[in-house]
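The opening residue of the sequence shown carries number 40 in the numbering used here; numbering runs sequentially from there.
Remarks on the structure that follows.
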Amino acid sequence: MNGKDSEDFSYPRVEPWNFGGLDNQDYKTAQVVVFPVPYDSTTYYMGGAKQGPFALINASRHMELYDLEKGKDVSTVGIFTLEPLEPSKNSPEETIDRVESVIAKIIQDAKFPLMLGGEHSVTLGCVRAFHKKYGTDFTVVHFDAHTDLRDEFQGTRFHHGSVMRRTTELGIPVTHMGIRSVSEEEMEYLKGKGKEENFVFYAERKHTLEEMINTLRENVYITVDVDVLDSSAMPATGTPEPGGLTWYQIIDAVRAIGAKKKIIGADVVELAPIPGMVAPDFLAAKLAYKIIGFALT
């Protein structure tokens, strides 16, 4: 095939390996920066979360970018996908430090960071970066089946089960949504010195969105551990729990946050893809895209 034939060749090509399959995205003009972090070194039950960012991005390449609710193509805000982070082989804390460095640069450039995990421990890097900019003038809304308030687990204070403990120690308030599993240690912390920084909404109890909104400061960082969702809809995660939020419940919650508060950044973590089962990957991708829409449009 000569050069001219190559230029005229119009057979459909594979979409770019970017979030949403978007082509010609420019970092300088993009409002959103997607940051894949393929890391799962502190998982203790089912692994695989390090494959989550790739599965989510792959699924996102097949989404319809037109948002029915918004009545527009949300991707027009500009969504730039970074290369995946190279995790540290030395320690969880070193990986968290690397995440913090990248997120700090994204914030400095006045862009909206959307991190894709990977296990939940890496969220601490995002929180630390925002802490440097906002101090304690923001709330972390933590969608999860677990409170992640252990002081230490498996010999490290930077375990994915400790991420919200490290967050509250910075003086940052956390609103937990969809909780249905708490250890005795965590419950003692919630009743004691962690009482002021933590607001817990349990999945099996009825709460209004207004009650949740009333716990939040003006600026909100959203972190979604996909095990917050009912395991019938989201089986692809390392520590599943029975019950959980439905798709529409989490969408209603994020919509309410976006309407009443300023979403400053977000992450979607703990997707551990199951070979041959793409529905959970697509759900996670669609959720990430909906967060962008509620935050920026």
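For every residue, glycine included, the Cβ atom is placed at its ideal position computed from N, Cα and C.
Item                                                                                                                                                             : Value
My parser needs the alpha helix (DSSP H) runs of 4 or more residues fully inside the stretch 176 to 253; what are they?                                          : 202 to 208, 223 to 230, 248 to 252
Does the stretch 307 to 317 touch the stretch 135 to 143, meaning 3 or more C-beta pairs lie closer than 8 Å?                                                    : no
Distance check for isoleucine 296 and leucine 255, CA to CA, integer angstroms please.                                                                           : 9 Å
Go ahead and pull the three-state DSSP assignment for aspartate 264.                                                                                             : strand
Kindly indicate which three-state DSSP category leucine 95 falls into: helix, strand or coil?                                                                    : helix
Pick helix, strand or coil for alanine 318, following the three-state DSSP scheme.                                                                               : helix
Starting from proline 131 and walking both ways along the beta strand (DSSP E), at which residues does that stretch end?                                         : Where proline 131 is concerned, there is no enclosing beta strand (DSSP E), although the alpha helix (DSSP H) it sits in stretches over 131 to 147.
Which residue marks the beginning of the beta strand (DSSP E) containing isoleucine 290, and which one marks its end?                                            : First-last for isoleucine 290: 286 to 299, but that is the alpha helix (DSSP H), not the beta strand (DSSP E).
So what does DSSP say about asparagine 41, is it helix, strand or coil?                                                                                          : Bear in mind that the predicted position of asparagine 41 carries a pLDDT of just 45, short of 50, making it unreliable; the figure below should be weighed with that in mind. In this structure, asparagine 41 counts as coil in the three-state DSSP scheme.
Here's the rule I'm using: 16 or more other beta-carbon atoms within 10 Å means buried, otherwise exposed. How should lysine 230 be labelled?                    : exposed
Assuming serine 160 and phenylalanine 197 make a contact with CB atoms under 8 Å, what is their CB distance in whole Å?                                          : 6 Å
Mapping the DSSP letters down to three states, classify threonine 162 as helix, strand or coil.                                                                  : helix
DSSP puts alanine 105 in a beta bridge; with which residues?                                                                                                     : According to the sequence shown, residue 105 is tyrosine rather than alanine. The partner list for tyrosine 105 (beta bridge, DSSP) reads Asp112.
Tell me whether alanine 324 is buried or exposed, calling it buried when 16 or more other Cβ atoms sit within 10 Å of its Cβ.                                    : buried
Quick check: the Cα distance between leucine 284 and alanine 149, rounded to an integer number of angstroms?                                                     : 32 Å
Give me the Cα-Cα distance between arginine 189 and aspartate 106, rounded to the nearest whole angstrom.                                                        : 38 Å
State the DSSP-derived secondary structure class of glycine 304, mapped to helix, strand or coil.                                                                : strand
In this structure, how does DSSP classify glycine 117 when only helix, strand and coil are distinguished?                                                        : coil
When you compare only the Cα positions, how much space is there between glycine 91 and glycine 233?                                                              : 31 Å
Quick one: Cα of proline 75 to Cα of glycine 210, how far?                                                                                                       : 27 Å
Just curious, the beta strand (DSSP E) that phenylalanine 74 is in, first and last residue?                                                                      : 71 to 76
Among Phe169, Ala318, Ala292, which one has its Cα closest to the Cα of alanine 272?                                                                             : Ala318
How about alanine 184 and glycine 157: are their beta carbons less than 8 Å apart?                                                                               : no
Under the DSSP definition of a beta bridge, which residues are partnered with isoleucine 313?                                                                    : Met316
Taking Cβ positions, are threonine 186 and histidine 215 nearer each other than 8 Å?                                                                             : yes
I need the straight-line Cα distance from threonine 68 to leucine 61, nearest angstrom please.                                                                   : 14 Å
Taking the C-alpha atoms as reference points, what is the distance between leucine 124 and leucine 155?                                                          : 10 Å
So, at 6 Å on beta carbons, what are the nonlocal neighbours of phenylalanine 238 in its own chain, with the 5 sequence-adjacent residues on each side left out? : Thr214, Thr254
According to DSSP, simplified to helix, strand and coil, what is leucine 155?                                                                                    : strand
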